[in-house]
Structure formats: structure tokens, C-alpha cells
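K.L.:
Using numbering that gives the first Met the number 0, count along the sequence shown one by one with no gaps and you end on 414.
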Amino acid sequence: MFTQDKKFTPFADKVWLATPTMHGDELKWMTDAYNKNWMSTVGENINEVERLVAKKIGCKYAVALATGTAALHLAMKLAGIKRGDKVFCSDMTFAATLNPVVYEGGVPVFIDTERDTWNTDPKALEKAFELYPEVRYIVVANLYGTPGKMDELRAVADRHGAVIIEDAAESYGATYKGKQTGTFGDIGIISFNGNKIITGSAGGMLLTDDINQANKARKWSTQSRENAPWYQHEELGYNYRMSNVIAGVIRGQLPYLEEHIAKKKAIYERYKAGFKGLPVSMNPYDGKNSEPIFWLSCMIIDERAMCKHVRGDRDACYVPEHGKSCPTEILGTLAKYNAEGRPIWKPMHLQPIFRNNPFVTVDGNGRGTTNAYIAGCGIDVGADIFNRGLCLPSDIKMTADEQDKIIEIIRACFD
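1. Quick one: residues in its chain with C-beta nearer than 6 angstroms to the C-beta of D24, no 5 flanking neighbours on either side, listed in chain order?
2. Please return the same chain residues whose Cβ sits closer than 8 angstroms to the Cβ of E328, not counting the five positions on each side in sequence.
3. Considering only residues of the stretch 146 to 210, which uninterrupted beta strand (DSSP E) runs meet the minimum length of 3 residues and lie entirely inside it, listed in chain order?
4. Rounded to the nearest angstrom, what separates L71 and D166 at their Cα positions?
5. Here's a check: name, in chain order, each residue in its chain whose Cβ is nearer than 8 angstroms to the Cβ of R224, leaving out the five neighbours to either side.
6. Using the three-state DSSP reduction, which class does P121 fall into: helix, strand or coil?
7. Write down the C-beta distance between T207 and A213 rounded to the nearest angstrom, noting that I regard them as a contact closer than 8 angstroms.
8. Should I408 go down as buried or exposed, given a rule of 16 or more other Cβ atoms within 10 Å for buried?
9. If you scan the stretch 202 to 270 from start to end, which runs of the alpha helix (DSSP H) of 4 or more residues do you find wholly inside it?
10. Does the stretch 270 to 280 come within contact of the stretch 72 to 88, defined as at least 3 CB pairs closer than 8 angstroms?
11. Might you give, ordered along the chain, the residues of its own chain that have their beta carbon closer than 6 angstroms to the beta carbon of Y372, omitting 5 neighbours on each side?
12. Reducing DSSP to helix, strand and coil, say where R416 ends up.
13. Need the endpoints of the alpha helix (DSSP H) that I292 sits in, please.
14. So what's V41 in DSSP terms, helix, strand or just coil?
15. Applying the criterion that 16 or more other CB atoms from any shown protein chain within 10 Å of the CB defines a buried residue, is R82 buried or exposed?
16. For M281, report the span of its beta strand (DSSP E) as first-last.
17. Check each candidate in V14, T20, G105 and name the one with the smallest Cα separation from E258.
18. Using 9 angstroms as the threshold, is the C-beta distance between G181 and V248 below it?
19. Out of P9, L64, K54, which one is the CA nearest neighbour of R240?
20. Going by the beta-carbon positions, is the gap between I137 and F183 smaller than 9 angstroms?
21. Using only the alpha-carbon positions, how far apart do G187 and A156 sit?
22. Determine the direct distance from the alpha carbon of G203 to that of V134, and round the result to whole angstroms.
23. With a CB to CB cut of under 8 angstroms and the five nearest residues on each side skipped, what residues in its chain are close to A154?
24. According to DSSP, simplified to helix, strand and coil, what is L73?
25. Here's the rule: buried if 16 or more other CB atoms are within 10 angstroms of the residue's CB, otherwise exposed. What is A399?
26. For the beta strand (DSSP E) containing V361, list its first residue and its last residue.
27. Can you check which of these residues, W15, R354, T40, A11, is closest to S242 by C-alpha distance?
28. In whole angstroms, give me the CA-to-CA distance for C376 and A94.
29. Buried or exposed for L130, going by 16 or more other Cβ atoms inside 10 Å?
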């Protein structure tokens, strides 16, 4: 632990976790929508964004929707999830991954995380089918832009006749064995939220190779209006279609995807080099089979270098100790110097709203705790990563000098 001194002064301008990076083309296509008066949920921008994303992803159809969450909700409906159905869900993820399961009345069953990629553990998923053989739906997320073990997850799903919904909200542009994420599930989605690698300020896409699924998603997303000369409705609909103006922002962003990925990767590599000698490591990935987009650079502290810290539902505290640190100390110190970090996604089975839902580890079915141990069932991997990990400032507008200073501030936390 250290106190503010002459060595470190706060950043004059805040260094953010991740913010939009605009290039100018976005305004061109927004203005085009304005000049042509296509300000609603139809227009050239929507059509072109759907075409470009489908081409990049390698799927037949991309349906432009208002948010990634809207895309997930329609994916749940297309998969056929009904009230009372148990659904296997990634545990360490943002709540939007599984909230749409609950919208449809499904019951999330959380599957523990594996350490190699911080994604759904295929072995825990197999164990879950032993416990709940009736389940036919799986929702998997690719955390922080890193693909999971997609072949292994797919093999488990196929053995049990289950549908996979792939939440690639954080991983647009990432590949696994040369194939784009968003295409490994039976239905996929991506997000264009304001902090994503490509943004429209909002927006999402549903990805499918099935023309019937694409047509249903388009219909449902426009209030399920039937083909009639008046407003005819025969099933429930939603106001989920993407705006042509937002599509203009995305259309202007898409040509810069590879540039953004390269800058994100450079940030990750600078952190990795800068932390050499510290008892920490970066968020892992399978370098042989996958190419992440490094959406957020994260670190995890070695167990032996963790000072004592405790987290409640809303508060945290720690005991400073020479040579050791913890996420609470590091995030607080970054905030002191006007830089934004973030805790790792708190596992869903630890969230108050889902504490009564089933949770499956590799060793069995159990309930996790914040100290990452389940009596009789071994380690709760997701809780352990949450306990020791944090997300680092990863904004691609951050300069190398700013990042060097962040590295030094973090290193000083271990003095």
C-alpha cells in the first residue's frame, strides 16, 4: 500500500475502462439517414450493416436489433424456452446473458468456469447433464472477447441433443480455429453497446443460418405485425428493431474493426510485459486455437500475494500488507489517480437474485461462496477468479505513457 506522493499525480483527463472511439464516418452515415429522412427502423444503413456483419461473421443472416439483450431475448424465444424449463448458463458473465432466460420463464442453472479461458467449463457442463438430463438449452458467453472451448462445448451439447445460444456480445471479431465467434451456437448474438469494440451507442445482432429464424426475429422485433392492410397481430411482439440512425454509427465503425482489435491487443501485451516480476498474470486464452479481440485486459493476483480482503453485497474492505495487494486496493488506488478499472464479473450464482438457483462445478452440484470453496465439492473457479481478479483500463485512446503510469501505480500497490 502507498499514499499519494510526488511520484504519482492524478491523470488530468480520466483514463477510462473502455469508451467509444469515433472516426468521422459515423457522422457521415447518420447524416445520410437524416438527409434521406430515414429516421425510423428501416433504411439503407440497417440493410448494409446486416449485410456487412453477416459477411464478416460467416453466417447467412444477421438481424439488426435495438440491443444485444433484445437479440438474446429473441434467441431464447427461437430456441423454444418455455416457463419452467431449466437452462444451463455461463456463470461468470454479465446478467444480460441470462436475464432473457428469465423473461421467458426459464430457470437458469449456472455452470462453473474453467481457468484456461475464464469461460464455461465443458467438464462442468457434462456434469450438469448427469444431474439434469432433461435440459435441452445452453447459453454460453465468450468473456472479455476471448472464445471459450467451443468444440468441447459443442460436443457436449450434441451428445445430449441440446441447443446452444452463443452470447458473443463481447467477442465480435474473435476467432476459434479460424471461425468467427457467434457461429458456434445454433443461434448467436453480438452487441454494439457503447463500450464494445464496435459501437452504435446501442444495438445488437441476432445471427443465424436459418431463414425462418431470421424472418421470425424480424417479425417479432417489429411488434409481430402480420402481412395485412391494417395492423393485424396474431402473436406477441416487441419494439426491438434497430434504428437506422444507430445503424449509421455502426456502419461508420465497421471498417475500423481490425484497427481496434490491434490496438486492444497492444494494450494487453504492454500490460503483460509491464507486470513481469509481479505475482500476477493476465486473463488467459488458448493461443493455439483462438485469437481473442482483447476487449478488456484483466489481471489475476497469485494466491500467495493476496492481502486479506472481504466483499459484501455492496461494500468491501481489505487489510494492507507489504508485498501483497488485492482487487479492492488496486481499483481504489486507480480511482484515486483518475483511472477506471472494474471488478471481474461477479458470478451469477453469487448474485442475490439468483442465490437459490442451481450451480454446478466440475466435482458436483453445490453453492459457491466468496472465498471460493464449496464444502465437499472443491473449488468454485468463478468465485476464485472474481475474488482475485480485476479489469484494467483498456480504452484504445489511452496513450502508451498513460498505460505505463497505470502499470507503475499497480506495481506500487505491491510495495
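Virtual Cβ for every residue (Gly too), placed ideally from N, Cα, C.
P.N.:
The short version:
1. G251
2. M0, C306, H308, Y317, P319, C412
3. 162 to 166, 186 to 190, 203 to 207
4. 7 angstroms
5. K218, Y230, Q231, H232, G236
6. helix
7. 5 angstroms
8. buried
9. 210 to 220, 243 to 252
10. no
11. Confidence is the limiting factor: at Y372 the pLDDT is only 41, short of 50, which leaves the residue's position unreliable, though a coordinate-based value still follows. Here the set comprises nothing.
12. What is shown of the chain runs 0 to 414, which leaves residue 416 out entirely.
13. Neither: I292 is in no alpha helix (DSSP H) and is coded neither H nor E.
14. coil
15. exposed
16. 279 to 281
17. T20
18. no
19. L64
20. no
21. 15 angstroms
22. 27 angstroms
23. P121
24. helix
25. exposed
26. Counting along the chain, V361 falls outside any beta strand (DSSP E), and DSSP gives it neither H nor E.
27. T40
28. Reliability fails at C376, whose pLDDT of 47 lies under 50, so the model's placement of it is uncertain and no value is given.
29. exposed
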